[in-house]
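Asker: Going down the list, the sequences are from chains S and A.
Residue numbering for the first sequence follows this note's numbering, beginning at 1 and increasing consecutively.
Residue numbering for the second sequence follows this note's numbering, beginning at 1001 and increasing consecutively.
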Amino acid sequence: MTKRILIIDDEELIREIVELSLSKVGGWQVIEASSGDEGLRKAVTEQPDAILLDVMMPVLDGPSTLKRLKADPISKNIPVVFLTAKARQSDQSLWLELGAVGVLVKPFDPMLLPSQVARALGWLD
Amino acid sequence: MSDAENSSQIAKLSEDESARLRGAALFSHSGDAILDVDSSGVITAFNPAAERIFGYSSSSVVGRSLGVLLPRHSPNELAEVLNRLATNAGAGPFLVDYLRSDGETHNLSVTAVPLTVGGSESMGYTIIARDLTDLRRSRAHLAASEERYRIMMESAHEGIGAIDTNGKIIFANSRLGEMLGYTPEAIKELSLPILFFPEDLSTIGELVERGLNRDTAVTEIRLRHKNGSPVWVILSTAPFLSDEGVVSVAGFLTDISDRKRSETLLKSNESLLRSYFEYVPVGIALSTLGGVIERVNPALITISGYESKNLLGSSLSLFLGLDETSRLDTFTKLVEELSTGDTPSIPFEIPFETKDGRSIWIQVTVSLMRDEAGDPSKLVSVIRDETQRKDADRIKAEFVSVTSHELRTPLTSIRGALGLLTGGVMGELPDSAQRMLEIAVESTDRLIRLINDILDLERLSSGNIPLALQECEAQTLIERAIDEVVGIAELAEVETRIGTVEGKVWADADRVIQTLTNLIGNAIKFSPSSSVVTVSAQTEGDHVRFKVQDHGPGIPADQLETIFGRFQQVDASDSRAKAGTGLGLAISRTIVEQHGGLIWADSAIGKGSIFNFTIPAVNDHGQQDSDELFPDPAVLVCDDDFAIREVVRTMLENSGFRVWTAANGEEALAIARHRTPDVILLDLLLPGMSGRDTALALSDEDETRDIPIVVLSVLTSAQMPVEHAMSRLEKPIEEDALMKALRAGLGAHGRQALVVEDDPQLTQVLATILSHHGLTVRTAHTGEAAKRLGRSFVPDLLVLDLSLPDCDGFSIIEWMRQQEWLNDVPVLVYTAWELNEADQERLRLGETRFVVKCQAPPEMFETTLSELLDWEKKNLQ
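#1: I'd like to check one pair, A/Gly1041 with A/Leu1070: are the Cβ atoms closer than 8 Å?
#2: Using a Cβ-Cβ cut-off of less than 8 Å, list which residues of the stretch 1425-1442 of chain A approach chain S; keep chain order.
#3: At least one CB of chain A closer than 8 Å to the CB of S/Asp37: is that the case?
#4: In chain order, which beta strand (DSSP E) runs of at least 3 residues are fully inside the stretch 1188-1268 of chain A?
#5: Does the beta-carbon of A/Phe1861 have 16 or more other beta-carbons within 10 angstroms, so that it is buried, or is it exposed?
#6: Could you tell me whether the stretch 1327-1340 of chain A touches the stretch 1375-1384 of chain A, using the rule of 3 or more Cβ pairs below 8 Å?
#7: If you drop the 5 nearest sequence neighbours on each side, which residues of the same chain put their C-beta closer than 6 Å to that of A/Thr1237?
#8: Label A/Gln1818 either buried or exposed according to how many other C-beta atoms from any shown protein chain fall within 10 Å of its C-beta, with 16 as the threshold for buried.
#9: Could you tell me which chain S residues have their CB closer than 8 Å to the CB of A/Thr1694, listed as they occur along the chain?
#10: With distances taken between CB atoms, is the gap from A/Thr964 to A/Thr1203 smaller than 8 Å?
#11: Hey, would you say A/Asp1550 sits closer than 8 Å to A/Ser1609, going by beta carbons?
#12: Using a Cβ cut-off of 9 Å, which residues of the stretch 2-24 of chain S contact any Cβ in chain A, in chain order?
#13: Since A/Ser1609 is in the beta strand (DSSP E), which residue starts that stretch and which ends it?
#14: Whole angstroms is fine: what's the gap from A/Glu1349's alpha carbon to A/Val1648's?
#15: Among residues of its own chain, excluding the 5 on either side of S/Glu19, which ones have a beta-carbon nearer than 8 Å to its beta-carbon?
#16: Comparing the C-beta of A/His1621 with each C-beta of chain S, is any distance below 8 Å?
#17: Is the Cβ-Cβ distance between A/Val1532 and A/Ile1524 less than 8 Å?
#18: Three or more C-beta pairs under 8 Å: does that hold for the stretch 1141-1149 of chain A against the stretch 1124-1131 of chain A?
#19: Of the residues that make up the stretch 62-86 of chain S, which ones have a beta carbon closer than 8 Å to any beta carbon in chain A?
#20: Excluding five sequence neighbours on each side, which residues of the same chain lie with their C-beta closer than 7 Å to the C-beta of A/Pro1093?
#21: Please confirm if the stretch 1350-1363 of chain A is in contact with the stretch 1386-1397 of chain A, defined as three or more CB-CB distances below 8 Å between the two stretches.
#22: Expressed to the nearest angstrom, what Euclidean distance is found between the alpha-carbon atoms of A/Val1280 and A/Leu1368?
#23: Any idea what DSSP makes of S/Ala193, helix, strand or coil?
#24: In or out: A/Gly1622 buried (at least 16 other Cβ within 10 Å) or exposed?
#25: Locate the beta strand (DSSP E) running through S/Ile5, then write down its first and last residues.
#26: Fully enclosed by the stretch 1151-1193 of chain A, which beta strand (DSSP E) runs are 3 residues long or longer?
#27: Going by alpha carbons, who is nearest to A/Thr1044 out of A/Ile1053, A/Ser1713, A/Gly1031 and A/Ser1060?
#28: Contact between the stretch 1584-1602 of chain A and the stretch 1631-1650 of chain A: three or more CB pairs below 8 Å?
#29: Work out the CA separation of A/Ser1655 and A/Asp1824 for me, nearest whole Å.
#30: Measuring only the C-alpha atoms, how far is A/Ile1448 from A/Ile1284?
#31: State the start and end residues of the unbroken beta strand (DSSP E) segment that holds A/Gly1283.
#32: Hey, which unbroken runs of the beta strand (DSSP E) at 3 residues or more fall wholly within the stretch 1720-1793 of chain A?
#33: Would you identify the three-state DSSP class for A/Val1400, choosing helix, strand or coil?
#34: Which residue wins for smallest C-alpha separation from S/Asp49, given the options S/Phe108, S/Ile5, S/Gly122 and S/Val103?
#35: Three-state secondary structure (DSSP) at A/Asn1836?
#36: Would you mind listing the beta strand (DSSP E) stretches within the stretch 1430-1486 of chain A that are 3+ residues and don't spill past its ends, in chain order?
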């Protein structure tokens, strides 16, 4: 069955690139959300197979969104991968401790992104 | 006979008579010997002085030959004397050494006068002998004493001179000459206005005047050296007297130029220091060792907004952010640390509220002033307003963070769009368009690397990324770094090889890997294909040296240092160089230097290069020995007030705790997760995430849920309840209450044993046995460490060896008896000593058992241990 991925990012252009990359290169179905709140709603209603989450977003940032996802029994089992331009080592380990399964950095190569996401999610081998 | 003739006759007679009378008086009273000898050499008269000088009475010699006076002389000599008298009559005086009958030699000056009457034949002689013996003796005496004085004058360390009543210099010794740059003779030719400075001449005049009035005086005065420079002396003057009164004034001069010079230097230093104190733009406070401010400079008044009358007499704790209760203790510890430790000064950085209510950041550096005996006498605190720097740091950090995000966002879209195009997602493109897009992708990638490196370097050098130091195996670091470059190594067809590797470092693993990756990446880039890059590491003293060796073209000697600068390339035209950002080595150097290491390159043109760097080693015998396995209890102190964190840290470290600090809730959470402290001390009023939320978050997570929390607050539990806190301490913090709360916190961790044993192997064995019985083990190798730990937790069991390096087990038990919380601790004494009943009695604390090493079989320890634990279990029920 086609994997369904939710991308939560406030930057429209980046969502577009990610959507193209994951659908055209990865062959997955992509659901988009432009804020943490919208992401939380869609995670519940759409029940995606995985979430790709931006860190620096207005109002509700990535880590807070993650905490809420993990606090809700309906969304807490959806694996989350951070996709971020804020790539400090100390932050990364903090996010992993919050329950993210992986951290991918921006800018990324859209041709490689799907395999990187799959590796982080343990979907490969 | 006429009257006139008669009277003249009378006059003549009386003239003769008076001469005769004069002669008789002279004869009797003269100091010279007078004796008459007739022409045949017989003594006819002998005066009293002759009796004294020759040693004979008149009666014994008159009428006898002159020879009687010369009993020791031979008849020939006598004849010679008489002959001389006869032939040289009237001549003289002759000097004669006269040997008296009593053996003394007297020096006589002898004159012989012929006695004639009316020009006739001599009737004999009058011999006059003057005794010169005393005179000669006193002359010799005088000469000797003059010589003595001369030697004294010449060898004196003082300059000595004399001037006569006319002010002329009549004497100068060679020391005085030396002092003034003249020969002593030359000084005598000089006048006072040359030797003294004009303004001092009146003083000299007074001194001479006083001398002439037979007065002595002492004064400090300058003389003028031949070269014109002043020579400072202490001058003592004294009159030089003779029978005629004062003949000269003598002066004794001690050179004090050196002292004067150092006095002058001291004075100028003092005025320099005073002007520093007054005009430096940093605040300075001088205080007593107890922190009472005694002096402040104008800059401190400007910085703090307080007037000096507000500051003087108040406590320095104002600038150290200390509250009243911890104050005295802190100053005592501060002085102790400054006077005994290796730290010449202790810095504090704290927020400060000025008198007019502004919030600023101040950096306070406290150091110690010592008195002449070298004992601590004052605290000197230098206080800087660091608000601007703090602001600048914050702005820079914000800028770096914002830039990093804001630049990367559009780059992400550009790189993404280009990637999708070149990847053919949008359909096949003509070759020429494909090539153009590949160029765009390559350049975008390079721009991204550049931005990453610049931001990295910026963050590293501003110290914004603290090092997460931990023990790392050199082997692991090298393996992980090589993993990262596998791709480029394959592409370049270069083999990466791990050479000899050993050693452990105390380092931030990610940073060292970054450095290694940089160096190995460079090495690969510059290596010819199918060559080898070798990475090795070796412990050298207190550090581990990493080496990355390539067989590339090498680096010219004059560039071995500059390549570590920013944007430096050995050969800018080298296409391989262009793949890098030119910041890799600068970043590597920053990282290595942050670790306290060195980085450098060795190279030979045509043969290759070796890049070396050092990182502090973990010493196997050092801080990370068995304590690593059985660590001291650890407390995480979370408070946004730096001063409180430091005060609490000091208290706790002195009581055997390891201490980690966090300034806010987020930091506390991260530390708690990573390091799992035994107790968390949590302030409630934190900026951002509140203390309450932090406690909630801690209780939410598996790793941190069981860590007891002690809440630290100015609010009471009624004002702000915290559900997950196990106890609460009110500020200001009292040390006893704090310890009690922490001991209770540690008690929540299940049963704990304290093993006091100096042998590391045995400690290990005992600890393993105890762990098997479900006890958490803490170990102490010395009595001091045991007491420290005894303050931090209440052991459920104490295993005690009696012979320790610094004390014996008896004193530990004695100490524990004085700590009420330790009174009931069960003890297992495990010792090689034979103990009599009195000894055993002294060692009892709670339930106490004894096992004698060697005597008892090894199982005995475990059996006794089980018994003791069983007993405890029963008793607890």
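All residues carry an ideal CB built from backbone N, CA and C; glycine is no exception.
Answerer: The answer reads as follows:
#1: The count along the second sequence starts at 1 and reaches residue 1070 of chain A at position 70. The count along the second sequence starts at 1 and reaches residue 1041 of chain A at position 41. No; because the gap between Cβ atoms is not below 8 Å, this pair is not in contact.
#2: Only Val1425 from the stretch 1425-1442 of chain A bring a Cβ to less than 8 Å from some Cβ of chain S.
#3: By 1-based counting over the first sequence, the position of residue 37 of chain S is 37. No, its Cβ sits nowhere closer than 8 Å to a Cβ of chain A.
#4: 1217-1224, 1230-1242 and 1245-1255
#5: By one-based count along the second sequence, residue 1861 of chain A stands at place 861. A/Phe1861 counts as buried, since at least 16 other C-beta atoms from the protein chains shown sit within 10 angstroms of its C-beta.
#6: yes
#7: In the second sequence, residue 1237 of chain A corresponds to position 237, counting from 1. Shown here for A/Thr1237: same chain residues with a beta carbon closer than 6 Å to its own, the five before and five after excluded, namely Leu1207, Gly1211, Ala1217, Val1249 and Gly1251 in chain order.
#8: The residue labelled residue 1818 of chain A in the question sits at position 818 within the second sequence. Flag for A/Gln1818 reads exposed.
#9: Start at 1 with the first residue of the second sequence, and residue 1694 of chain A comes out as number 694. Neighbours of A/Thr1694 on chain S: none; closest Cβ ~14 Å, over 8 Å.
#10: With chain A covering only 1001 through 1877, there is no way to say anything about residue 964 of chain A.
#11: The residue given as residue 1550 of chain A occupies position 550 in the second sequence. The residue given as residue 1609 of chain A occupies position 609 in the second sequence. In contact: A/Asp1550 and A/Ser1609 (Cβ atoms closer than 8 Å).
#12: Glu11, Leu13, Ile14, Glu16, Ile17, Val18, Leu20, Ser21 and Lys24
#13: Position 609 of the second sequence, counting from 1, holds the residue named residue 1609 of chain A. For A/Ser1609, the uninterrupted beta strand (DSSP E) run begins and ends at Gly1608 to Pro1616, by DSSP.
#14: As a first step, residue 1349 of chain A must be located in the second sequence, where it is residue number 349. As a first step, residue 1648 of chain A must be located in the second sequence, where it is residue number 648. Cα to Cα, the separation comes out at about 16 Å.
#15: For the purposes of this step, residue 19 of chain S is taken as residue 19 along the first sequence, with counting starting at 1. These residues qualify, in order along the chain: Ile7, Val30 and Glu32.
#16: In the second sequence, residue 1621 of chain A corresponds to position 621, counting from 1. Note that A/His1621 scores a pLDDT of 41, beneath 50, so its modelled location is shaky; the value from the coordinates is reported in the next line. It does not; no Cβ of chain S falls within 8 Å.
#17: Position 532 of the second sequence, counted from the first residue, corresponds to residue 1532 of chain A. Position 524 of the second sequence, counted from the first residue, corresponds to residue 1524 of chain A. No. Outside cutoff.
#18: no
#19: Only those residues of the stretch 62-86 of chain S whose C-beta falls short of 8 Å from the nearest C-beta of chain A are listed: Ala85 and Lys86.
#20: Numbered from 1 along the second sequence, position 93 holds the residue referred to as residue 1093 of chain A. Result list for A/Pro1093: Ser1109, Val1110 and Thr1111, in chain order.
#21: The stretch 1350-1363 of chain A makes contact with the stretch 1386-1397 of chain A; the number of CB pairs closer than 8 Å reaches 3 or more.
#22: Position 280 of the second sequence, counted from the start, is the residue given in the question as residue 1280 of chain A. Position 368 of the second sequence, counted from the start, is the residue given in the question as residue 1368 of chain A. Roughly 19 Å between the two C-alpha positions.
#23: This structure cannot settle anything about residue 193 of chain S, because the visible part of chain S is limited to 1 through 125.
#24: The residue labelled residue 1622 of chain A in the question sits at position 622 within the second sequence. With a pLDDT of 39 at A/Gly1622, under the threshold of 50, the modelled position of this residue cannot be trusted, and the question is left open.
#25: On the first sequence, residue 5 of chain S is found 5 positions in, with the first residue counted as 1. Its beta strand (DSSP E) spans residues Arg4 to Ile8.
#26: Complete beta strand (DSSP E) runs here, min 3: 1159-1164 and 1169-1172.
#27: By 1-based counting over the second sequence, the position of residue 1044 of chain A is 44. The shortest Cα separation from A/Thr1044 among A/Ile1053, A/Ser1713, A/Gly1031 and A/Ser1060 belongs to A/Ser1060.
#28: no
#29: By 1-based counting over the second sequence, the position of residue 1824 of chain A is 824. By 1-based counting over the second sequence, the position of residue 1655 of chain A is 655. A/Asp1824 and A/Ser1655: Cα-Cα distance of roughly 20 Å.
#30: Here residue 1448 of chain A refers to the residue found at position 448 of the second sequence. Here residue 1284 of chain A refers to the residue found at position 284 of the second sequence. Roughly 48 Å separates the two Cα atoms.
#31: By one-based count along the second sequence, residue 1283 of chain A stands at place 283. Start and end: Gly1283 to Ser1287.
#32: Runs found: 1727-1730, 1752-1756 and 1776-1780.
#33: Numbered from its first residue, the second sequence carries residue 1400 of chain A at position 400. DSSP places A/Val1400 in the helix class (H, G or I) of the three-state scheme.
#34: Counted from its first residue, the first sequence places residue 49 of chain S at position 49. Among S/Phe108, S/Ile5, S/Gly122 and S/Val103, the Cα nearest to that of S/Asp49 belongs to S/Ile5.
#35: Taking the first residue of the second sequence as 1, we reach residue 1836 of chain A at position 836. Residue state, collapsed to three classes: coil.
#36: Listed in chain order, the complete beta strand (DSSP E) runs (minimum 3 residues) inside the stretch 1430-1486 of chain A are 1470-1473.
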